[in-house]
Structures are given as structure tokens and as C-alpha cells.
Amino acid sequence: MKQIQGTFIKGYVRIVVTGHMPEMFFQSCVSNGITVWDIKRESSKSCSGNIKLADVSKVKQLRRKYEYKISFKERRGYPFIFHRFIRRKEFVLSFIMSILLIIFMSNIIWKVEITGELPLELEEKIVKQLNEYGVHPGAWIFSIDPPGKIQQKLTEDIPELLWVGVNQKGTTYQLEGVEKIIVQEEKVAGPRNLVATKKGVIKRMYVAKGLPKVKINDYVEPGKVLVSGNLNEVEQSNEEEDEEKPKKQVLVPAEGEIIASTWYEVDVTIPLKQRYEHLTGQQEKKYYFGIKNFKLPIWGFGKPEFEEIHYDSLETPIKFLKWDLPFSIVEQTLSEKQIQEIERSKEQAIQAGIKQAREEVQLQLGPDATIISEKVLHESVENGKVKLYLYMTVEENIAKAQPITQGD
Amino acid sequence: MKKFQQRLRPWLVKYLALPSDVIMELPRITIIGQLHVYIENHKGLAVFSDNELRLKTTKGYIQIKGSSFVLKMMLPEEILLEGKITDVRFIPG
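As you go down the protein sequences, you meet chains A and B in turn. Numbering of the first sequence is given in numbering that gives the first Met the number 0, commencing with residue 0 and proceeding in unit increments. Numbering of the second sequence is given in numbering that gives the first Met the number 0, commencing with residue 0 and proceeding in unit increments.
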């Protein structure tokens, strides 16, 4: 029965053969490789049977050899049903329209949700800002920036927001915001000392409050008290010797700046040859309709006049309900780039290395620190790279407040 | 030569226990109650009507009688008949 399996899907027809000995026609069909089933004698001169739709042309050819009359009676199977469906134009049209409508609807933002415990005015501000970016219910998904970019823009444009998470979930945009609570800088209220955070040699001191415990050009280790908050300490110790009359301590919060020169050892590696790519700012945009890996241009034809091009494409899939269709709208940005090659001599490389090291140290220490000098301790050339070992002298504030704990 | 082959075949069947329908090109008929007759190895249709089916074989015909016959499936050397079967008869040709 394997031969007649799946005939409904491919379609079959019932033929009626009339003539003398009609069964012999089916016999010749079978010997020609045409499968026939459900053969029935209709009358003394006619016989009917089913044949596959694919075999109809073979049967028509075979008929010419004999003097039988063949008529087609029933058409059954999926191809005929499909054909009947296709013939009803308005039906097909409405079907296509409804699918297009669903696709259209699936690519529209329906809702912008803002979660997180935000005050109402901030929420309104976010909504307003989002409207400016074009993110509002009813917006076309292709026309707006990807969530990551919106997130970045929002945090830039609304300073009250500490962080905002933007998430596109189907047709809703979910925003989660955290408000920036501006905390007043906490002042150490109680009495405190200033202690050293790093080892160094004191260069300058400016003490606003408190009792300095070190002198200029002193070497200090981390943790050493630089400015004491205890004003009576010195007198106390002096007096302790001659008369045992404990004076009451006067404690103040020490304040001041202790600038010391500190040292850093930095390793830098500088290649002798370097390739840079940088964008000139010239750019063109192209739009494609993407089907899997194939891209059909919609807008923006022709090649730009730049020689070196940096391609940047952004793919937005077209959605059908919650699924991504294999089609997408691709926005491609072509930016002109320039490639620059730099070849340096060893001296130039060392100079560049020193510059890089200075920047690194400055970045690490913050803008208050000043780099006084640097010294190359060791240099070597390896695999087209210059390795430098630098010693840098920096002047910076090393004081840190430490509260004085009064023993009960 | 042909006579020798005709003699050889029954011998093969008898002594080597080979299936007789394959060796001697005989039809294999499977009957399921009165409902179905399944015939393999026939040589073609001779007569088919509502109450009779006659098939050619190497040696004559097979005649099947009954009522309300339908050929459920027809393939070059196989046939499946459905209906109410009363007789199966071999007619030497």
C-alpha cells in the first residue's frame, strides 16, 4: 500500500474508461509503471479507477494507442483544494492583507513602560525626552535607535538619572531607571588626624587646622600621622615629665594638604611600526532589505567616492507577532577612513613611550598630581617593540583623614 | 536446454528447499478470509468484472469468483482484490 500513500497531498483523479474490455486499459497502465488503485467495474463496457495527478499526462499519451474513451470524474487532494482557494481572489487578497497587517503591527511600538521607583516629574521628563528621540507608542521600530544607544543618550541628557536600562521586548519598550540621589559629601564630623597614604618626601605643607607632626623634606611611610588633631599633645608630653598634671585634650578635625613627592615605576611597550585607522567624518547611508544573507538594496545606490571604507551595519529584523522573520531592514553606514602608518626611530619611540607613561600615571592619580620628572631606567628593543622601564617622580597630596578614636 | 531447466527446478525445490514460487515462477496467492485475495507473480489481467477476476500465469489462468469486486491496488506483478470471495480455481491454459 506504500504506492498509494501520500496521494492525497499530491492529488489524484478518478478516471472512467469505456470501451471493449476496459480492464485491459488498466493492465497496460500498470505495465507502463502507472499505479492504479480502487478499480471498479461500473458496467459491462466501463471501468473506473484512481490514478495519481502526476500520471495524468502519461495516461493521456497511452490513450492514443487504444480505442478507449477516458473521462475524468473526481479530482481529489490538496492541489485541487489549493486551486479552488486560489481562484477566490478576494479570499487570497484578504489573507495576504491580514498577514501584512500583522507584520505591520508587529513592527510598531505599542507601549513604553517605565519602571523603577522614580518621582513623577522625572518620569514625565523621561517620556518627553523619549518623544524627542521618536520613541513613543505608534512609532515605527526601524526609525528609532537601538536600545543601547537610547540608553546612552538618556543618561547623557537627563542628569538626574544615575542609570537607565532600556529593553525592547517585542512591541514594548521597557525602561528601568534609577534616580541619582545627590549625596552631600560626608564630612568627618569628629576629631581626626591626617595620615599619609603613600611613602614619599614632604615637599610642601599647608595646614589649616591641627598640629603638624612632620617637617618639609621628611620621609614618611604610609600610615604615619602627618597632622594631628590633638592640639595638646606636645604640651602634654612636656608637662608629663615635670609635673604629673594631665591636661584635658583639645581635639579638632585636622585639615590641610600635604604635598609630597612620590615615586612610581612604570613599564611601557611601544611598537616601532604602527597602523592607525581614523574616520574622516565623511559618510553615506544605505538601506537594504535583507533576506537571510542576501541583501536587496532599497535606498542608496552607487559606490561612495572614498577609497577606504569602514562599514557599519545595523540590522533590524522584521517581526511577525513575537517571532523574528528571516527578513530584516539593514541600515549600513559607510564612513571614509584613513589609514596612517607610522614608523618611528628608537628615539622617537622612547619619546612616545615616555608620553604614554605620563598619561597613564596622570590618569591613575587624577588631575591634582603633577609629574615632576621621569627617568628611563632600562630600555630594550624586542620584536620591533621598544620596552621601557621608567621611574617617575610625582608631587601629590598624600594626606587622608583618619578619625581619632577616643578610648571611651 | 529449456527442458533441462524445467526438470531442474522441481529438483531444486525438493532437495535444496528453495521457495517454489520464486524458482518455478508460480503465483503466490494469499487469501484473508473471504475479504481479500493478494496475488503476486501473475502475468497480467485477463478479465475483470464485478464477480470475476481472471489472471494469466505461466501455466494457464487463475479464476477467482465472488461478488462486489474492487481492485484495491494494481502493480506490475501484484494485485490486491477486495470483495466477497467464493471460488479460487486454476484453469490450465
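Heads up, the beta-carbon is just placed ideally off N, CA and C, and yes, glycines get one too.
Note to self: Am I right that A/G209 and A/E155 are in contact with their C-beta atoms under 8 Å? What's the rounded C-beta distance?
What the structure shows: 42 Å between Cβ atoms; not a contact.
Margin query: Let's see if you can read the secondary structure: which residues bound the beta strand (DSSP E) around A/A398?
Written below: For A/A398, the enclosing beta strand (DSSP E) starts and ends at 398-402.
Next item on the list: Would you mind giving the Cβ-Cβ distance between B/H35 and B/E81, rounded to the nearest angstrom? I have them listed as a contact below 8 Å.
Entry: Indeed they touch by this definition, with Cβ atoms about 6 Å apart.
Notebook entry, point to check: For the candidate residues A/G365, A/H377, A/E335, A/P303, whose alpha-carbon lies nearest to that of A/G352?
Noted result: Answer by Cα proximity: A/H377.
Check: Bridge partners of A/N440, per DSSP?
Finding: With chain A running from 0 to 407 in the structure shown, residue 440 of chain A is simply not present.
Notebook entry, point to check: In this structure, does DSSP put A/K198 in helix, strand or coil?
Noted result: Of the three classes helix, strand and coil, the one that applies to A/K198 here is coil, per DSSP.
Checklist line | As assigned by DSSP and simplified to three states, the class of A/N229 | finding: In this structure, A/N229 counts as strand in the three-state DSSP scheme.
Margin query: Please give the ranges of any beta strand (DSSP E) in the segment 327-367 of chain A, keeping only runs that are unbroken, at least 3 residues long and fully inside the region.
Written below: Correct list: empty.
Margin query: Given 8 Å as the limit, tell me if B/P18 has its C-beta closer than that to any heavy atom belonging to the ligand ADP.
Written below: The ligand ADP is not part of the structure shown, which contains no ligands of any sort.
Notebook entry, point to check: Since A/Y310 is in the beta strand (DSSP E), which residue starts that stretch and which ends it?
Noted result: Its beta strand (DSSP E) spans residues 308-319.
Next item on the list: Thinking A/K284 and A/E307 are a contact (beta carbons under 8 Å), I'd like their distance in whole angstroms, please.
Entry: Not really, about 18 Å apart at Cβ, beyond 8 Å.
Check: Does the Cβ of A/E22 have 16 or more other Cβ atoms within 10 Å, making it buried, or fewer, making it exposed?
Finding: By the neighbour-count criterion, in which 16 or more other beta carbons inside 10 Å mark a residue as buried, A/E22 falls on the buried side.
Next item on the list: With a cut-off of 8 Å on the beta carbons, I'd call A/S45 and A/L320 a contact; round off their distance for me.
Entry: With a Cβ gap of about 54 Å, A/S45 and A/L320 do not count as contacting.
Item checked: Sequence-distant residues of its chain with Cβ nearer than 6 Å to A/D407 (five each side left out) -> Because A/D407 sits at a pLDDT of 49, beneath the cut-off of 50, its placement in the model cannot be relied upon, and the following sentence gives the value as read from the coordinates. Counting only Cβ-Cβ distances below 6 Å, and skipping sequence neighbours, we find nothing.
Notebook entry, point to check: Using 9 Å as the limit for Cβ to Cβ distance, is A/R62 near chain B?
Noted result: For A/R62, the answer is no, since every Cβ of chain B falls outside 9 Å of its Cβ.
Item checked: Pick from A/G222, A/S43, A/L121, A/G365 that is closest to A/W162, judged by C-alpha positions -> That would be A/L121, whose Cα lies nearest to the Cα of A/W162.
Check: Any Cβ of chain B within less than 9 Å of the Cβ of A/K68?
Finding: Closer than 9 Å: no.
Item checked: Beta-carbon neighbours of A/K39, restricted to chain B and to distances below 7 Å -> Per Cβ cutoff of 7 Å: V69.
Checklist line | 7 Å Cβ cut-off: residues of chain A touching B/G43 | finding: Chain A residues near B/G43: Q26.
Next item on the list: Would you mind working out which of B/K1, B/N50, B/L17 sits nearest B/V69, comparing C-alpha positions?
Entry: Of B/K1, B/N50, B/L17, the residue nearest in Cα terms is B/N50.
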